[in-house]
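Chemist: Dropping the structure in here first, questions after.
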Amino acid sequence: MKKLLRYLLTLFFIIAGVNHFINPQLYLPLIPPYFPFPEIINLVSGIVEIVLGFGLLLDKTRKAAAWGVVILLVAFIPSHVYFIQIGSCVPDGLCVPAWVGWVRLVIIHPILLAWAYFCTK
1 MKKLLRYLLT LFFIIAGVNH FINPQLYLPL IPPYFPFPEI INLVSGIVEI VLGFGLLLDK
61 TRKAAAWGVV ILLVAFIPSH VYFIQIGSCV PDGLCVPAWV GWVRLVIIHP ILLAWAYFCT
121 K
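Just so you know, we're using the UniProt record's numbering here: the sequence shown kicks off at 1 and counts up by one.
Here you go:
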C-alpha cells in the first residue's frame, strides 16, 4: 500500500509539473502579484515538481524528494491564499465558488502534505 501511495504521488507531481509547461495560463494567474517574475516561478515550479516526482521513485532519493514535496507544498500556500483573496476568480475568467478555494487550502492541501510526509518514512 505504501508503495502504491508513493507511485500515485509520483504520478500526480510529474503530471502537474508537465502541466506547468503545457498550460501555464492555469498557473500564472494564481501567482500573487507581489512575487516577481511569475513566468519564471511557473517554469521553476514545473521543473521542481517533475524532478521531485521522479525522485520519489528511487529508494536512494525517496526521502529527500518527499521532504522536497513537503517544502514545495508549503511554498504553494500563498497561491492558495491569494486565490481566496481574489474571490476565487482569476483574471481571464476562471471562477469557482469561494468554498472551493477554502477546500483546497484547508482540506486538500493538508492531505497532500500528510501524503508527502508519509512518503518520508
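From the three backbone atoms N, C-alpha and C, an ideal C-beta is built for every residue, glycine too.
Taking the DSSP output, what are the residues bridged to C119?
Modeler: Counting from 1 along the sequence shown, the entry for residue 119 is found at position 119. None, per the DSSP bridge assignment.
Chemist: If we ignore side chains and look at the alpha-carbon of each, how far apart do I22 and F12 end up?
Modeler: For the purposes of this step, residue 22 is taken as the residue at position 22 of the sequence shown. For the purposes of this step, residue 12 is taken as the residue at position 12 of the sequence shown. Near 15 angstroms, if we compare the C-alpha coordinates of F12 and I22.
Chemist: So, are the CB atoms of V51 and A65 less than 9 angstroms apart?
Modeler: The sequence position of residue 51 within the sequence shown is 51, counting from 1. The sequence position of residue 65 within the sequence shown is 65, counting from 1. Cβ atoms of V51 and A65: closer than 9 angstroms.
Chemist: In whole angstroms, what is the alpha-carbon distance linking L58 and I14?
Modeler: Mapped onto the sequence shown, residue 58 falls at position 58. Mapped onto the sequence shown, residue 14 falls at position 14. Roughly 14 angstroms separates the two Cα atoms.
Chemist: Just the Cα atoms here: how many angstroms apart are G68 and V74?
Modeler: Numbered from its first residue, the sequence shown carries residue 68 at position 68. Numbered from its first residue, the sequence shown carries residue 74 at position 74. The straight-line gap from Cα to Cα measures roughly 10 angstroms.
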